[in-house]
Structure formats: C-alpha cells, structure tokens
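Read the structure below first, then the notes.
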Amino acid sequence: MSKNNTHFSSKLGLIAATVGSAVGLGNVWRFPAEAQSGGGAAFLLIYILCVILLGIPCMLAEFALGRAGSTDAIGAFGRVVPTRKRWATVGALSVLTSFLIAIFYLVVTGWTLSYSVASVTGNLYRPESGIEAGNALFRLKMEQYIADGYGAMFFTMAVVVLNWLILRGGVKKGIERLSNILMPLLFLLLLAFCCVSLSLPGASEGISYFFKPDFTKITPTVVLSALGQAFFSLSLGMGILVTYAAYYPPQTHLVSTATTVSSLATLVAIMMGVIIFPAVTTFGLTEHGVAGTTLVFLTLPEVFMRLPLTGLWSSLFFLLLTIAALTSTVSILEVTVRCLQDRFGFSRRGACMAVNAPLLVLSGICSLSFGELANFTIFGMNMFNFLDFLTAELLLPLCGIGVCVFVGWIAPKSLLSNQLTNCGSIRSRVTGACLFIIRYIAPALILLVLISPLL
Ligand code: PHE
Numbered sequence: 001m002s003k004n005n006t007h008f009s010s011k012l013g014l015i016a017a018t019v020g021s022a023v024g025l026g027n028v029w030r031f032p033a034e035a036q037s038g039g040g041a042a043f044l045l046i047y048i049l050c051v052i053l054l055g056i057p058c059m060l061a062e063f064a065l066g067r068a069g070s071t072d073a074i075g076a077f078g079r080v081v082p083t084r085k086r087w088a089t090v091g092a093l094s095v096l097t098s099f100l101i102a103i104f105y106l107v108v109t110g111w112t113l114s115y116s117v118a119s120v121t122g123n124l125y126r127p128e129s130g131i132e133a134g135n136a137l138f139r140l141k142m143e144q145y146i147a148d149g150y151g152a153m154f155f156t157m158a159v160v161v162l163n164w165l166i167l168r169g170g171v172k173k174g175i176e177r178l179s180n181i182l183m184p185l186l187f188l189l190l191l192a193f194c195c196v197s198l199s200l201p202g203a204s205e206g207i208s209y210f211f212k213p214d215f216t217k218i219t220p221t222v223v224l225s226a227l228g229q230a231f232f233s234l235s236l237g238m239g240i241l242v243t244y245a246a247y248y249p250p251q252t253h254l255v256s257t258a259t260t261v262s263s264l265a266t267l268v269a270i271m272m273g274v275i276i277f278p279a280v281t282t283f284g285l286t287e288h289g290v291a292g293t294t295l296v297f298l299t300l301p302e303v304f305m306r307l308p309l310t311g312l313w314s315s316l317f318f319l320l321l322t323i324a325a326l327t328s329t330v331s332i333l334e335v336t337v338r339c340l341q342d343r344f345g346f347s348r349r350g351a352c353m354a355v356n357a358p359l360l361v362l363s364g365i366c367s368l369s370f371g372e373l374a375n376f377t378i379f380g381m382n383m384f385n386f387l388d389f390l391t392a393e394l395l396l397p398l399c400g401i402g403v404c405v406f407v408g409w410i411a412p413k414s415l416l417s418n419q420l421t422n423c424g425s426i427r428s429r430v431t432g433a434c435l436f437i438i439r440y441i442a443p444a445l446i447l448l449v450l451i452s453p454l455l
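Heads up: the sequence shown begins at 1 in this note's numbering, then just goes up one per residue.
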C-alpha cells in the first residue's frame, strides 16, 4: 500500500468514515424500538447521558490508543507499552469479536440489499392472487425474503463481494471515497423521509408516541439497555476506532472528532424515530410491534404500500439502510484486514482476500439460519442468534473493559493527555474528567452490563 494511502486525506473524510462506521443498523433499526419500549423521551435522555458519560470517553480511549499505536488493533497495545506485551490479548479479542460480528451483520446487510432490489423491481409489492397489505399471507411473503435461504444467501454473498471491492481500494481510495459519497446521501435521504413522515396526517400522534417521556417505564433494565445500545452504536469495543484512529493525521483534534461523531450518530438515531413513528401511527400499525426485524422488514413495507409512489419510497428507504450498513461493514472488516497487513505482512490485496473469502462461506452459511439451517442450533440458538448473543453480551463488554483498564491504568497517563492535546499544541479541558471516567466509571458500568443477565 502506498504511504499516502495510509491516512485519511481530509478532516471531512475522516469524520464521514467514522460516522459511517458508527451509523449502522444499530441506530437506524434497533434504536427506535428500544426507545419506544424504554419510555420514549425518557429513554432518549438516558441514552444521551450514556453517550456523553460513557460513549465519548471510551471513544477517546480507543482513539488515543489507535493514533499513538499507529498500527493494527493488536499491535497498538505493544507499541504504547512495549513492556506489557500480554495486553495485546485484548486487541486480539477485539479482532476476533469484530470478525464474528461481521459474519451475521453481513447477513442483515444482505437483507437490506435484497429489499432494495426487490423494491426497485417491484417484486416486494407484487400482489399475488388477491393478497392485501396487512393480511397473514403478505407477512408470510415478506418473511420469505429473510427465511428463503438461498435468496438471502445470494445477497449476503453479494454484500461480501461489494465489501471486498471497496476494501481493496485502501483507506483513501476505498473507505474514504465511499464515505464521502454515501454519508451526505444518507443524510439527504433521512431528511427527505423526515419531511414525508412529518407531513402524514397522524404525524403529531407518532411524534408524541416517540417523544413523550414516560418515566414509569424507566427500570434498571432499561438503563442497562440504553448503556448497551450506546456502546454498540458508537462502534466501541470492536477494534474499529483503534484501527481508524491509526489513519488520523497527527493534527486531528480527537475531542472534537469524538463529539462530532457521537452527536451525528445520535442525531441519525433520533431522525429514524421521527421517520418511523408517524408512519406507524398514521396507518394504525402500532399493534404490529416495532421491534427489530419486524419493524424494518415487515411493518415498514406495509407503510409504503399505503403511500403513493410505493416503489420509489421503498427503494429509497432500503437504499438508506444499505448505505448505513455498508459503511459499517467496511469499517469492521478493515480491523482484520489491517491486522493481517501489519501483523502477518500480507499485501492489501492478499489481506482483503484472506478476510473476505472465508466470509463468503461463513456469512453464506449464517444466512441460512432462518431457513435451511434453522434446526442447527448452538446452546438452543441458531447460528445468527448465537453470534449476536456471544458478541453483544460477552465479547464486546470484555473488550470494552480491557481497553479502559489498559488506557486508564497500564498505559502512562501521558498517553491520554498527549493525544487529547496533540502533544500540548492545543488545549483540552476534559483530559482529567476523561481519565477519571476511563479509570473508574466506564469499567464499572460495562461490568454491570456484562453481569446483568446473571443478576
Ligand atoms: N454503530 C454500528 C451499528 O450500529 C456498529 C457497528 C459497526 C456494527 C460496524 C457492526 C459493524 O450498526
């Protein structure tokens, strides 16, 4: 890889790429459902507090480690504290975690692509012998898009190939160029959908459904789920931010980057709520449930069926989801690609092949989790759900705690202060508070998320 392809070339590019990673299916798909079940605006408030108190400091810890190490997510630990080589295990765990997440995340990205294509061709809405929106057969047809193994497998593999092609271009010509085009497009699409949704007759009802604070719904479980959501949706603990920060130029202001990225990711999550709830209440679909797969892949197509220009809105919406997912998948795959390059001396092309070729098989198999391989279970879960559970409930929190303890206690204090002030050339008033949170608060809170299922 040529030297000038190892840094983001502009401030905008690095923000676009990092926001692209943070804005993914976690914000656009999981957030509205979590917010609604967690008391609307009350959840939002707790979520924002979690982003500020936990998310931004943890993000800064990863940025500091990554830029100081200026290599892959494993090597960064050894570069920062050469005498404590064992800590590289935390890096290795985060690389493994990122790879396992990629396996099932690529499957969902495949669904979004298949829905985009089916919206353009009109297949998603073609009435089959008198099937009408809302009836059971319609839902069955939608579910088939996900459960129909070989269709889903084809799109999953297509997404892997797409990632392969982008990653081969390297940091500047692949990831940055893609983000520079897709992120503005994503915001434009979000804005357009906000306008459409707010102009629906039931908009105000939907908005209050989403924003009305219901503090009675706030329980310790809801607080923990807001914490978990903030952690996942800021791409923490996956080695992504450590890897991306290695591509940040030395003059990048880390505090303002972390604040901008977190604010934009939160803004996208809120915009998704503004899009979804008016649509759902206007068409009386609240009883369909607004959780997970159901919301995006079943309820929303029904909303589009009731709008004029069904195909257009549906195509644009699933394009929006595909963009959000794609900019996240390239970031998570970059973790292993960079690791193979720096740890094992792979060429860029070789590393991309070594990461994507196995994923073609693994994600391909995973895409059959709801169809042909539904009966293949691990601890009673299909492959998709098992990987989701293993990474979200166990590995991500472990990696998160590992990074905090390393940056807070093992690395010299000067690591954080040097990185936040660019070696004293700019002022930072948050270094002390940040270190305090990274040392005490963040590990304790993440530990709570980790052990909460046992309590
Ligand atoms: N913020 C991302 C999301 O919400 C987190 C993520 C990044 C997940 C990359 C997977 C891959 O989807």
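We treat Cβ as the ideally placed atom computed from N, Cα and C, and that holds for glycine.
Quantities reported herein were computed from a predicted structural model and do not represent experimental measurements.
Integer Cβ distance of residue i from residue j, believed to fall under 8 Å
i, j, result
"ILE46", "ALA226", "5 Å"
"ASN27", "ALA392", "Rounded, the Cβ-Cβ distance is 15 Å, inconsistent with contact."
"VAL95", "VAL335", "6 Å"
"MET183", "GLY20", "5 Å"
"LYS172", "PHE43", "Actually they do not touch by this definition, with Cβ atoms about 39 Å apart."
"ALA61", "VAL403", "6 Å"
"ALA245", "GLY66", "3 Å"
"TYR247", "THR6", "6 Å"
"ALA325", "VAL108", "7 Å"
"SER314", "SER119", "4 Å"
"GLY311", "GLY122", "6 Å"
CB of residue i within 8 Å of CB of residue j, strictly
i, j, result
"ALA482", "SER179", "Here the chain comprises residues numbered 1 to 455, so residue 482 is not present and cannot be evaluated."
"PHE104", "CYS366", "yes"
"THR156", "LEU124", "no"
"ALA68", "LEU390", "no"
"PRO57", "ILE446", "no"
"GLY228", "ARG348", "no"
"GLY400", "GLY237", "yes"
"LEU309", "GLN419", "no"
"LEU93", "LEU395", "yes"
"PHE210", "GLN341", "no"
"LYS217", "GLY364", "no"
"LEU316", "LEU450", "no"
"ALA203", "SER233", "no"
"GLU176", "GLY13", "yes"
"LEU387", "LEU167", "no"
"ASN385", "ALA374", "no"
"THR243", "ARG338", "yes"
"SER452", "LEU200", "no"
"LYS413", "LEU435", "yes"
Nearest candidate by alpha-carbon position, reference residue i, set the options
i, options, result
"PRO397", "ARG348, LEU455 and SER235", "SER235"
"PHE63", "ALA230, ILE441 and VAL261", "VAL261"
"LEU359", "LEU188, VAL330 and GLY75", "VAL330"
"SER208", "ILE218, VAL280 and THR252", "VAL280"
"MET495", "PRO250, VAL159, GLY424 and THR282", "Only positions 1 to 455 of the chain appear in the structure, and residue 495 is not among them; the question remains open."
"ALA152", "SER369, THR71, THR83 and TRP313", "SER369"
"THR431", "THR327, MET59 and ASN385", "MET59"
"THR421", "VAL159, GLU176 and PRO250", "PRO250"
"LEU186", "LEU25, TYR150 and PHE344", "LEU25"
"LYS212", "ALA433, THR377 and ALA41", "ALA41"
"ALA442", "SER417, TRP409 and GLY284", "TRP409"
"VAL196", "LEU307, ILE52, PHE379 and LEU455", "LEU307"
"VAL222", "CYS50, ILE378, ALA444 and CYS423", "CYS50"
"GLU372", "LEU455, TYR150 and SER328", "TYR150"
"THR83", "ALA411, ALA433, ALA444 and THR18", "ALA411"
"VAL117", "PHE154, LEU295 and TYR440", "PHE154"
"THR18", "ALA192, LEU455, THR377 and THR327", "THR327"
"LEU455", "PRO220, SER417, ILE52 and GLY284", "PRO220"
"LEU362", "VAL159, ILE52, THR252 and LYS85", "VAL159"
Item to check | At least 3 beta-carbon pairs within less than 8 Å: the region 355-362 vs the region 159-177 | outcome: yes
Checklist entry - Does the region 87-94 come close enough to the region 295-313 to have 3 or more Cβ pairs within less than 8 Å? => result no
Item to check | the region 319-338 / the region 109-116 touching (three or more Cβ pairs under 8 Å) | outcome: Touching, yes.
Item to check | Segment contact, 8 Å Cβ cut-off, at least three pairs: the region 29-37 with the region 265-281 | outcome: yes
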